[in-house]
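Residue numbers (the working numbering), protein chains in the order written: chain D, 43 to 333; chain S, 43 to 333.
Let me begin by presenting the structure, written as structure tokens, before commenting on it.
Protein chains: 2
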Amino acid sequence: MSNPIQEKIVHGEKLFPFAAYEFTPAFPPELFTAHWHSDYEIIYMQKGAVTFGINGISYPLSAHQALMVNPYQIHYSVSANTSDFSFTSIVFGNSLVFPSTESRIYTRYIHPSAREYIRFFPVLTQETASGMDSLKSIEKICLLDKSRPLCYEMEIQILLLSVFCNLLRANAYDMEIREDFHTLSYVQELLYLLRKNFAEDIKLEALAQNMNISYEHLCRSFKKVVGKSPKKFLNDLRFQHAVYLMKTSEHQAIAEIAESCGFSDMSYFAKCFRQKTGKTPSEYRNHMAGE
Amino acid sequence: MSNPIQEKIVHGEKLFPFAAYEFTPAFPPELFTAHWHSDYEIIYMQKGAVTFGINGISYPLSAHQALMVNPYQIHYSVSANTSDFSFTSIVFGNSLVFPSTESRIYTRYIHPSAREYIRFFPVLTQETASGMDSLKSIEKICLLDKSRPLCYEMEIQILLLSVFCNLLRANAYDMEIREDFHTLSYVQELLYLLRKNFAEDIKLEALAQNMNISYEHLCRSFKKVVGKSPKKFLNDLRFQHAVYLMKTSEHQAIAEIAESCGFSDMSYFAKCFRQKTGKTPSEYRNHMAGE
């Protein structure tokens, strides 16, 4: 299991910048916390139904549908809508879709204006021919990454290019700018800082002051785009990381784990734990070990 | 019509390094003179039959077959085997097949050893499944370059990747090194110098001396790999360029054209012309204008 918080930072390896992450109830979508990056991402719903959020707007996704996440968009899961589900998140370096930012494919199609990337419409369904073709390609990508036959890297590149080619030809992208880039930019900054420094003692008021906006305004904007307040986001992130460490670092003391995740107060950590799992941290760990 | 001598130097444009050149009896394969480059090239026989040479070995190609030319291989046409024919030569920058020389696709498949590029077997026929699939992709590439629909660049990239993927999976490449790289390297150097400086007064003996080999040895090696002596190659190249200029620079005097192609002696130029076309240069020009 990869680290749910760090996973989004490195997509595959430098030599082949591609990664597919699978989420199931055992690795629940609550771990798919709000983040953003300069790459495109495609979320493919294998079975069941989950609601995702992009820049504050909810998109319920059912089986065999996909969500296109454009560069710099803040995206996260909101809730699982069926008890059983699985989805795959595909993230890839832009070099797999265009050779360089100097290339004609990039300048003509991906980044046609100086201002912004081509922003595809979010939901791909089987209702249109381009959606159907794209979904077929995306499903193949997920399978290829599992079986990894000879030259699967080339085939994945071919399929990613096909998806882009399909959607561009079907005009499945938005020419209008609907987002408030100014608000988005400081929410992105705060999100980046929280994800990077969650283990430390973070003073939200001081961060707002550094960013030159009022704390209230920052909180309101953050909640609007991310779906929860910065405080709750930070707390959830710390909790998720603690759970991750309790699963993977069997010999680390619980107090040590709590501290390494930014919980300075052990009783507060225990309270959070009981609220979310109905168990104390030790009960939870024993329960995990017994599974 | 592009310049038959220079055409191989720039393949498309930097932003989309891809070019397809068509050859017919009106733009005959004699103009497809020996050259080499670090890119892969694919020659697709649309109709009729033409024999090509690669590093001194002849490959007769019939309709709907293709020739894979690997990086650094010296390639040229030998003769047309039918009176009517057409073939398309596809040349593309390597960046269309692998994102960079750092990428996994490059290091794992294209350049697996430090010594050399993957060298595909030369002739693609419809007799194998991989040949058939590759030929279909190559034919589509030729058509796409003519119609150039939206995103045709992406589709061409997809098809080129498919050809490589197909051939790699079918093991349609040679693991053994059959060439004498030492001999090839100075033939390549001489070829490069002749193509670059054909308009100037070239002393072949002096070039051999500069390269530190005997003139006789150089001529023998050159003829073995290119199919004709350096002297004949140079003469043919000059003649072709003169014909090209006579077709495209209508107002340039014949003596001026002869000189700009490296013919210092007008009467020698006229003699060459009569030998090859049965006409004097002026008769040839009038004949061209009347067509």
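A virtual CB, placed ideally from N, CA and C, is assigned to each residue, including glycine.
| Hey, is D/Glu-181's beta-carbon within less than 8 Å of any beta-carbon in chain S? | no
| field | Cα-Cα separation between S/Leu-236 and S/Tyr-151, rounded to whole angstroms | value | 34 Å
| message | Under 8 Å, Cβ to Cβ, is there at least one residue of chain D near S/Ile-200? | response | yes
| task | Check whether the Cβ atoms of S/Ser-104 and S/Ala-91 lie closer than 8 Å to each other. | result | yes
| field | Cβ contact (3+ pairs, closer than 8 Å) linking the region 264-272 of chain S and the region 112-119 of chain S | value | yes
| request: Assuming S/Leu-246 and S/Tyr-234 form a contact by the criterion Cβ under 8 Å, report the distance between their Cβ atoms to the nearest whole angstrom. | output: With a Cβ gap of about 14 Å, S/Leu-246 and S/Tyr-234 do not count as contacting.
| query | Is S/Glu-258 close to chain D, meaning its C-beta is less than 8 Å from at least one C-beta of that chain? | reply | no
| said: List, in chain order, every chain D residue whose beta-carbon is nearer than 7 Å to that of S/Thr-149. | reply: Leu-57
| request: Consider the Cβ of S/Leu-185: report whether some Cβ of chain D lies at a distance smaller than 8 Å. | output: no
| request: With D/Glu-258 as the anchor, note down where its alpha helix (DSSP H) starts and where it stops. | output: 257-268
| request: Flag D/Arg-146 as yes if its beta-carbon sits less than 8 Å from any beta-carbon of chain S, otherwise no. | output: yes
| query | Got a sec: does the ligand NAP put a non-hydrogen atom nearer than 7 Å to the Cβ of S/Asn-112? | reply | As far as ligands go, the structure on display features none, and thus does not contain the ligand NAP.
| request: Name the two residues that bound the continuous alpha helix (DSSP H) containing S/Lys-321. | output: No alpha helix (DSSP H) holds S/Lys-321; DSSP gives it neither H nor E.
| said: Quick check on this structure: which residue in S/His-77, S/Ala-241 and S/Lys-89 has the alpha carbon closest to the alpha carbon of S/Ser-306? | reply: S/Ala-241
| query | Should S/Asn-328 go down as buried or exposed, given a rule of 16 or more other Cβ atoms within 10 Å for buried? | reply | exposed
| request: Measure from the C-beta of S/Thr-319 to each C-beta in chain D and report whether the shortest distance is under 8 Å. | output: no
| Are at least three pairs of beta-carbons, each pair with one atom in the region 125-143 of chain S and one in the region 73-88 of chain S, less than 8 Å apart? | yes
| said: What would DSSP say about D/Ser-145, mapped onto helix, strand or coil? | reply: coil
| task | Assign D/Asp-126 to buried or exposed, taking buried as 16 or more other Cβ atoms, counted over all protein chains shown, within 10 Å of its Cβ. | result | exposed
| task | Mind checking which residues open and close the alpha helix (DSSP H) that includes D/Gln-168? | result | Per DSSP, D/Gln-168 belongs to no alpha helix (DSSP H) and is neither H nor E.
| Could one say the Cβ of D/Cys-303 lies closer than 8 Å to chain S's Cβ atoms, at least one of them? | no
| What does a CB cutoff of less than 7 Å around S/Met-330 pick up in its chain, not counting 5 residues either side in sequence? | Met-288 and Lys-289
| Ranges of the alpha helix (DSSP H) found wholly within the region 210-241 of chain D, counting only runs of at least 4 | 223-239
| query | Over what stretch of residues does the beta strand (DSSP E) that includes D/Tyr-86 continue unbroken? | reply | 83-89
| request: Verify the CB distance criterion: does S/Ser-204 have a CB-CB separation below 8 Å to chain D? | output: yes
| query | Candidates S/Asn-239, S/Thr-124, S/Glu-83 and S/Trp-78: which alpha carbon is nearest S/Ala-108's? | reply | S/Glu-83
| said: By alpha-carbon positions, which one of D/Met-196, D/Leu-186 and D/Pro-323 ends up nearest to D/Ala-295? | reply: D/Pro-323
| request: Flag S/Cys-242 as yes if its beta-carbon sits less than 8 Å from any beta-carbon of chain D, otherwise no. | output: Checking the displayed sequence, the identity of residue 242 of chain S turns out to be Glu instead of Cys. For S/Glu-242, the answer is no, since every Cβ of chain D falls outside 8 Å of its Cβ.
| message | Please tell me whether D/Leu-232 has its Cβ less than 8 Å away from any Cβ of chain S. | response | no
| task | Going by DSSP, name the residue or residues bridged to D/Gly-95. | result | D/Ser-100 and D/Tyr-118
| task | Quickly, what does DSSP pair S/Arg-161 with across the bridge? List them, please. | result | S/Asp-216
| query | Can you tell me the Cα-Cα spacing of S/His-259 and S/Val-229, whole angstroms? | reply | 11 Å
| request: Report yes or no: is there a C-beta of chain S within less than 8 Å of the C-beta of D/Arg-211? | output: yes
| request: Check distances from the C-beta atoms of the region 112-144 of chain S to those of chain D and list, in chain order, the residues that come in under 9 Å. | output: Gly-135, Ser-137, Leu-138, Val-139, Phe-140, Pro-141, Ser-142 and Glu-144
| For S/Met-308, three-class secondary structure by DSSP | helix
| message | For D/Asn-277 and S/Leu-186, what's the separation of their Cα atoms in angstroms? | response | 54 Å
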